[in-house]
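Be aware that the sequence shown starts at 3, since it is given in this note's numbering, and climbs by one per residue.
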Amino acid sequence: KPRLPQSRVWYQNHFTTLCSSTKTILLVPRANGFYTYESFAEATRRFPRFGSVGSMETRRREVAAFLAQISHETTGGWPTAPDGPNYNYGPAGRALGFDGLRNPEIVANNSVIAFQTALWFWMTEQSPKPSCHDVMIGRYMPTEADLAANRTGGFGLTTNIINGGLECGIAGDGRVNDRIGFYQRYAGLLNVGTGPNLDCENQRPFA
Numbered sequence: 003k004p005r006l007p008q009s010r011v012w013y014q015n016h017f018t019t020l021c022s023s024t025k026t027i028l029l030v031p032r033a034n035g036f037y038t039y040e041s042f043a044e045a046t047r048r049f050p051r052f053g054s055v056g057s058m059e060t061r062r063r064e065v066a067a068f069l070a071q072i073s074h075e076t077t078g079g080w081p082t083a084p085d086g087p088n089y090n091y092g093p094a095g096r097a098l099g100f101d102g103l104r105n106p107e108i109v110a111n112n113s114v115i116a117f118q119t120a121l122w123f124w125m126t127e128q129s130p131k132p133s134c135h136d137v138m139i140g141r142y143m144p145t146e147a148d149l150a151a152n153r154t155g156g157f158g159l160t161t162n163i164i165n166g167g168l169e170c171g172i173a174g175d176g177r178v179n180d181r182i183g184f185y186q187r188y189a190g191l192l193n194v195g196t197g198p199n200l201d202c203e204n205q206r207p208f209a
C-alpha cells in the first residue's frame, strides 16, 4: 500500500474533518493559485499546535480566524514600522532560517515560507501582546492593563495584536469589518460559530 506524503499524513491526523472545507477556503480569488492546500499543509507541520489544541470547535475556529486574517493582510507590516513594511519578516526570518529584512521577496515567491511566516506571527507571543493562537484556543489570560484597555478574548483581539495601532478603538473601521467578513464566511464554511467579541472598536491598542 503506497504511503501518503508526510505533510498529508500530518494534516489528516490533525484536521480530519476540516480537509474539504479548508481547501475551499484556500481557493479565494485574491490568492491567484499561490496559497494552495499543499503549501498550507506543509507549512503547518512546523507548528504542530496550530489547529490541534482543544475541542474540534476550537480547532475549526482557530483555522477560520487565521485564514481570515491572512486573507486581509497583503504586506508584512506597515510603512512606519521600525524596519519598514516588512518589519515582521525580520524576527520571523530569524526563527525560520531566512533573512526577512534583506531578502523579503522570498516570502512573496515561496508559498510555504509565506504560510510559515504568517503562522510564526500567529503562534508567537510578543510581549505585551499574547499570541493569536492563545487567544483563539482560550488560553489568553488578560493582565490588569488588558482589562483596563477592554482587551477581551475573541477574534477582535487578534486584529488588535496584528494591527491595533491603526485599526482598533475606531467605530465601524472598514479594515476591521473586512477581517470580520472573512472570518464569518470561513467559520460558516467550517460549520463553527464565530464566538464573541469580533471587533476591537472598544479596545485600546497595545502600547
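Cβ coordinates follow ideal geometry from the N, Cα and C atoms, glycine included. All values derive from a computational prediction rather than experimental measurement.
| query | result |
| --- | --- |
| Meets three-Cβ-pair contact criterion under 8 Å: the region 49-58 and the region 161-173 | no |
| Paired residues, beta bridge with glutamine 118 - DSSP | In the DSSP output, where bridge partners are listed per residue, glutamine 118 has none listed. |
| Residue environment, isoleucine 115, which counts as buried when at least 16 other CB atoms sit within 10 Å | buried |
| Straight-line Cα distance separating leucine 191 from proline 106 | 32 Å |
| Assigned secondary structure, glutamine 205 (DSSP; H/G/I helix, E/B strand, else coil) | coil |
| Spatially closest choice to phenylalanine 52 from Met138, Gly171, Gly155 and Asn152, by CA coordinates | Met138 |
| Contact set for threonine 19: own chain, Cβ-Cβ below 6 Å, skip 5 residues either direction | Low per-residue confidence applies at threonine 19: pLDDT is 43, beneath 50, and the placement is therefore not dependable, though the value from the model is reported in the following sentence. Closer than 6 Å at the Cβ level, and outside the excluded window around threonine 19, lies no residue. |
| Inter-residue Cα distance where the pair is aspartate 94 and asparagine 199 | Checking the sequence, you will find alanine at residue 94 rather than aspartate. Taking the straight line joining both Cα atoms gives about 28 Å. |
| Exposed unless 16 or more other CB atoms sit within 10 angstroms - verdict on glutamine 205 | buried |
| Beta-carbon proximity list for tyrosine 91, same chain, < 7 Å, skipping 5 on both sides | Gly78, Gly102, Leu103, Pro106, Val109 and Thr119 |
| Length of the line joining the Cα atoms of tyrosine 188 and histidine 135 | 17 Å |
| Among Ala150, Pro130 and Gly155, the one whose alpha carbon lies nearest that of glycine 140 | Gly155 |
| Chain-order list of residues whose beta-carbon lies under 7 Å from that of serine 113 (same chain, five-residue window excluded) | Phe36, Tyr37, Thr38 and Ser41 |
| Residue span of the alpha helix (DSSP H) that contains alanine 187, given as start and end | What sits at residue 187 in the sequence shown is arginine, not alanine. Element bounds for arginine 187: 176-191. |
| C-alpha distance - aspartate 180 paired with proline 207, whole-angstrom precision | 18 Å |
| Rounded C-alpha distance that separates arginine 48 from tryptophan 122 | 9 Å |
| Own chain, CB closer than 7 Å to phenylalanine 184, minus 5 neighbours either side, in chain order | Ala70, Ser73 and His74 |
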